[in-house]
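Residue numbers (this note's numbering): 5 to 253.
All C-beta atoms in this analysis are idealised placements derived from N, C-alpha and C, irrespective of residue type, glycine included.
Okay, structure first, notes after.
What follows is the structure in structure tokens.
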């Protein structure tokens, strides 16, 4: 059964890791997808991989500045022109840093907040305007386990993800009347390219406290996005769904 048949989705940060897994999962379930990346090079690489897997996938790729309202307006209008609607937005793009407070530069803090928070606001506002006209839609945000438990260094990242949670819950209350559901997925340690490159002993230390005894796979996180985007979650809004193997609880 194709859970998203006839739907159009935009996925930011869709060129690799969890974002690319979400793009694939949505395409496999009947959606038309616009994947957004930070550079044309990474967008082209992701598009080539998807087309190699299935030349008939209805997918397009673009690389606007996510915190630029004019570029996002233009991009989302192109998505509507290409696919006829915009039903699902996945705000997945994000960056992290681990510097201690004493060494954290204000410009680095602002960069994390710009990509992880401001871009979520800009993209959600533009998508919500379209969805309201269409009679409804779904906005999904990528949070993190550190939005619930914080981390010992790199304060900007957990700060940004706490903000994403508050934004998610606030929008759910505000946009419910317009039939727009808003939820977030909070992944734990997930086997992305960055984590896969870590030494085996470090991976063992990272996974040791996780009750399920392993890190998550991008596809498992993508399943959570698929569920929340589908009609199976038609009465779920304002939730932060943890996909972390009960880590840190």
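**Message:** Let me confirm a value: residue 43 is counted as buried when at least 16 other C-beta atoms fall within 10 Å, else exposed. Which label applies?
**Reply:** Working through the chain shown from its first residue, we reach residue 43 at position 39. Exposed is the call here.
**Asked** Between the C-alpha atoms of residue 92 and residue 103, what's the straight-line distance to the nearest angstrom?
**Response** Indexing the chain shown from 1 puts residue 92 at position 88. Indexing the chain shown from 1 puts residue 103 at position 99. Annotation: residue 92 to residue 103 spans about 34 angstroms, alpha carbon to alpha carbon.
**Request:** Let me know the secondary structure DSSP gives residue 146 once reduced to three states.
**Result:** Walking along the chain shown from the start, residue 146 turns up at place 142. In this structure, residue 146 counts as strand in the three-state DSSP scheme.
**Request:** Starting from residue 246, follow its DSSP beta bridges and name the residues at the other end.
**Result:** To locate residue 246, count along the chain shown from 1; it is residue 242. By DSSP's assignment, residue 246 forms a beta bridge with 190.
**Asked** With C-beta atoms as the reference, is residue 47 less than 8 angstroms away from residue 12?
**Response** Within the chain shown, numbered from 1, the residue matching residue 47 stands at position 43. Within the chain shown, numbered from 1, the residue matching residue 12 stands at position 8. No, these two residues do not count as a Cβ contact at 8 angstroms.
**Asked** Relative to the C-alpha of residue 45, which residue among 144, 55, 174, 66 is closest?
**Response** For this step, residue 45 is matched to residue 41 along the chain shown. It is 66.
**Rounded straight-line distance, which links the Cα of residue 208 to that of residue 238** = In the chain shown, residue 238 corresponds to position 234, counting from 1. In the chain shown, residue 208 corresponds to position 204, counting from 1. Approximately 38 angstroms, taken between the alpha carbons.
**Request:** Identify, in the order they occur along the chain, each residue of the same chain with its Cβ nearer than 6 angstroms to the Cβ of residue 254, setting aside the five sequence neighbours on each side.
**Result:** Outside the shown range of the chain (5 to 253) lies residue 254, about which nothing can therefore be said.
**Request:** Please confirm whether residue 164 and residue 117 have their CB atoms less than 8 angstroms apart.
**Result:** Walking along the chain shown from the start, residue 164 turns up at place 160. Walking along the chain shown from the start, residue 117 turns up at place 113. Taking 8 angstroms as the Cβ cut-off, residue 164 and residue 117 qualify as a contacting pair.
**Request:** Please name the residue in 185, 178, 132 whose C-alpha comes closest to that of residue 235.
**Result:** Numbered from its first residue, the chain shown carries residue 235 at position 231. If we check each option's Cα against that of residue 235, 185 comes out closest.
**Item:** residue 66 (DSSP reduced to helix, strand or coil)
**Value:** Residue 66 sits at position 62 when you count from the first residue of the chain shown. It is a strand residue.
**Item:** C-alpha gap between residue 61 and residue 217, whole angstroms
**Value:** Along the chain shown, one-based indexing puts residue 61 at 57. Along the chain shown, one-based indexing puts residue 217 at 213. Per the coordinates, the alpha-carbon of residue 61 lies some 35 angstroms from the alpha-carbon of residue 217.
**Prompt:** Between which two residues does the alpha helix (DSSP H) harbouring residue 24 extend?
**Reply:** Here residue 24 is taken as the residue at index 20 of the chain shown, counted from 1. Residue 24 -> alpha helix (DSSP H) spans 21–32.
**Message:** So, at 7 angstroms on beta carbons, what are the nonlocal neighbours of residue 77 in its own chain, with the 5 sequence-adjacent residues on each side left out?
**Reply:** Position 73 of the chain shown, counting from 1, holds the residue named residue 77. Cβ within range, chain order: 130.
**Request:** Give the DSSP-derived three-state secondary structure of residue 241 in the structure shown.
**Result:** Looking up residue 241 in the chain shown gives position 237. Of the three classes helix, strand and coil, the one that applies to residue 241 here is coil, per DSSP.
**Request:** Look up residue 126 in the DSSP assignment and say whether it is helix, strand or coil.
**Result:** Here the question's residue 126 lines up with position 122 in the chain shown. The answer is helix: DSSP assigns residue 126 an H, G or I state.
**Request:** Mind checking which residues open and close the alpha helix (DSSP H) that includes residue 175?
**Result:** Within the chain shown, the letter at position 171 stands for residue 175. For residue 175, the uninterrupted alpha helix (DSSP H) run begins and ends at 160–179, by DSSP.
**Beta-bridge pairing of residue 37 - partner residues as DSSP gives them** = The count along the chain shown starts at 1 and reaches residue 37 at position 33. Paired residue(s): 13, 63.
**Asked** For residue 226 versus residue 64, is the C-beta spacing smaller than 8 angstroms?
**Response** Residue 226 sits at position 222 when you count from the first residue of the chain shown. Residue 64 sits at position 60 when you count from the first residue of the chain shown. No, they are not a contact pair.
**Item:** Residue environment, residue 109, which counts as buried when at least 16 other CB atoms sit within 10 Å
**Value:** Counted from its first residue, the chain shown places residue 109 at position 105. When all chains shown are included, residue 109 counts as exposed.
**Prompt:** Is the CB-CB distance between residue 242 and residue 183 below 8 angstroms?
**Reply:** Numbered from 1 along the chain shown, position 238 holds the residue referred to as residue 242. Numbered from 1 along the chain shown, position 179 holds the residue referred to as residue 183. No; because the gap between Cβ atoms is not below 8 angstroms, this pair is not in contact.
**Message:** In the DSSP assignment, the alpha helix (DSSP H) including residue 76 goes from what residue to what residue?
**Reply:** If you number the chain shown from 1, residue 76 lands on position 72. Start and end: 73–87.
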